[in-house]
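Note that the protein sequences, when read in sequence, are chains A and B. Using the numbering used here, you'd call the opening residue of the first sequence number 1 and step up by one each time. Using the numbering used here, you'd call the opening residue of the second sequence number 1001 and step up by one each time. All C-beta atoms in this analysis are idealised placements derived from N, C-alpha and C, irrespective of residue type, glycine included. Here's the structure we're looking at; comments come further down.
There are 2 protein chains.
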Amino acid sequence: MIRLSRLSDYGIVILTRLAREPGRAMAASTLARATAVSTAMTGKILKLLVRADILVSQRGVRGGYALARPPETITVAQIIEALDGPIALTSCADPLVHACGIESLCPARDGWRRINRAIREALAGITLAEMARTVPDVPPPNLETRPRAAASEPAAATIGAR
Amino acid sequence: MIRLSRLSDYGIVILTRLAREPGRAMAASTLARATAVSTAMTGKILKLLVRADILVSQRGVRGGYALARPPETITVAQIIEALDGPIALTSCADPLVHACGIESLCPARDGWRRINRAIREALAGITLAEMARTVPDVPPPNLETRPRAAASEPAAATIGAR
DNA sequence: GGGAAATAGAACCGAACCGGTTCTGTTTCA
DNA sequence: TGAAACAGAACCGGTTCGGTTCTATTTCCC
Ligand code: FES
Ligand code: FES
Chain A
1 MIRLSRLSDY GIVILTRLAR EPGRAMAAST LARATAVSTA MTGKILKLLV
51 RADILVSQRG VRGGYALARP PETITVAQII EALDGPIALT SCADPLVHAC
101 GIESLCPARD GWRRINRAIR EALAGITLAE MARTVPDVPP PNLETRPRAA
151 ASEPAAATIG AR
Chain B
1001 MIRLSRLSDY GIVILTRLAR EPGRAMAAST LARATAVSTA MTGKILKLLV
1051 RADILVSQRG VRGGYALARP PETITVAQII EALDGPIALT SCADPLVHAC
1101 GIESLCPARD GWRRINRAIR EALAGITLAE MARTVPDVPP PNLETRPRAA
1151 ASEPAAATIG AR
């Protein structure tokens, strides 16, 4: 299973929340509460996103984070790159830092480039704005119809906490 | 960095080698030598690919592995799924096995689907045949031009071995 | 018929990576 | 001046995964 790191996972969730009200700035603690990601993780992620110029921060009391640019111009590829480094499926991706050592006889060599480009383009084709616009047609499902009752799951679960 | 597991990495290399001569069957040891992947790893991978009906095997002396179908009908998505399980970037991918627990308030929810579909389609759009056809225009680069001399790297490196 | 050569399958191990926390420092505002 | 918020780094334990090894089974050839 190709897995996206939790960092990017949570990061996208958080950013999507921010993209709902593009102008508005929110404190890390507020965002943590809004997304149910642990406050520590939230802080870590937000700091990384500021470094990548995806967010801008205001320090001090009444501080907070806001999108640095309109959500239409932020792609998930950029987000993932900010949090997890360059998007490359295999070590053979970047011809510069090529570490596989068998390139001379490797039969797949330039096939890798195809794959990596495909993924990168797919990820670059989705903007934060698209992520944020939820399908409003589908109303929240009637609680009656939900399979297992809420009794079994802890109320107000917080993810990103042991 | 979104990383592809080594299993899939090597698997694609090995399959690409097989796709060069679609009809021909090769022994695991032969393939290992041809791809510079350790024999143990090669065996493990080949067995998994047989289970997924991507390869067919012939046991006993003079045994070996061959593609189960023409390489044009094998996609990298299928290969990765065979070796690493279902392709899903995040835990929120499959609506059935959804484990995140905050779906009710998660702002990104249906954005995930978009992302997962995008990469799945990208991966399903590349066939093994395409991977195998190398670009014959570019001749092997002149050794003179290579930056670091081969002295520093062990000759005939075998990957997948400590 | 027996043995060598090959695949089938499972169990096992160590180590790198990663998710998550914590602590200290700095900025801002009331 | 102190509380509230961000900045940045260090740290730590656990899971996962790459890789190996061992045993069983099948097949061919002598
Ligand atoms: S695996 Fe590195 S060039 Fe093919
Ligand atoms: S993170 Fe699970 S639904 Fe959004």
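- Query: Once you ignore the five residues that flank S1005/B on each side, which residues in its own chain have a CB closer than 6 angstroms to its CB?
  - Reply: D1084
- Item | Alpha-carbon spacing of A122/A relative to T1075/B, whole angstroms | If I take the Cα positions, the gap works out to 17 angstroms.
- Got a sec? Which residues, its chain only, sit under 7 angstroms from L1096/B by beta carbon, not counting five neighbours each side? Low local confidence applies: a pLDDT of 43 at L1096/B is under 50, so the model's placement there is unreliable, and no value is given.
- Query: What is the DSSP secondary structure of L4/A, reduced to helix, strand or coil?
  - Reply: coil
- Of the residues R114/A, T127/A, R20/A and D110/A, the one placed nearest I80/A, counting alpha carbons only: T127/A
- What residues of chain B sit near R114/A, judged by a beta carbon separation below 8 angstroms? From the beta-carbon of R114/A, the residues of chain B found nearer than 8 angstroms are I1126, E1130 and M1131.
- Report the three-state DSSP secondary structure of S29/A (helix, strand or coil). helix
- Give, in chain order, every residue of the segment 1071–1084 of chain B whose Cβ lies closer than 8 angstroms to some Cβ of chain A. Taking 8 angstroms as the Cβ-Cβ cut-off against chain A, the residues of the segment 1071–1084 of chain B that qualify are V1076, I1080 and D1084.
- Query: Going straight from the alpha carbon of R1003/B to that of P70/A, what length do you get?
  - Reply: The alpha-carbon atoms of R1003/B and P70/A are separated by roughly 29 angstroms.
- Item | Residues from the segment 1032–1058 of chain B in contact with chain A, defined by Cβ distance under 8 angstroms | A1034, T1035 and A1036
- Message: Does the beta-carbon of I1080/B, which I'm using as the reference point, lie nearer than 7 angstroms to any heavy atom of ligand 3?
- Response: No copy of ligand 3 appears in this structure; the ligands present are ligand 1 and ligand 2.
- Item | Proximity test, Cβ basis, 8 angstroms: L7/A and chain B | L7/A has a beta carbon lying at 8 angstroms or more from every beta carbon in chain B.
- Item | Inter-residue Cα distance where the pair is I45/A and T1042/B | 39 angstroms
- Message: Is there a C-beta anywhere in chain B that falls below 8 angstroms from the one on A118/A?
- Response: yes
- Query: Who are the Cβ neighbours of A1025/B in its own chain at under 7 angstroms, not counting the five residues just before and after it?
  - Reply: The beta carbon of A1025/B sits closer than 7 angstroms to the beta carbons of Q1058, G1064, Y1065 and A1066 from its chain, once the five residues preceding and following it are set aside; these are given in chain order.
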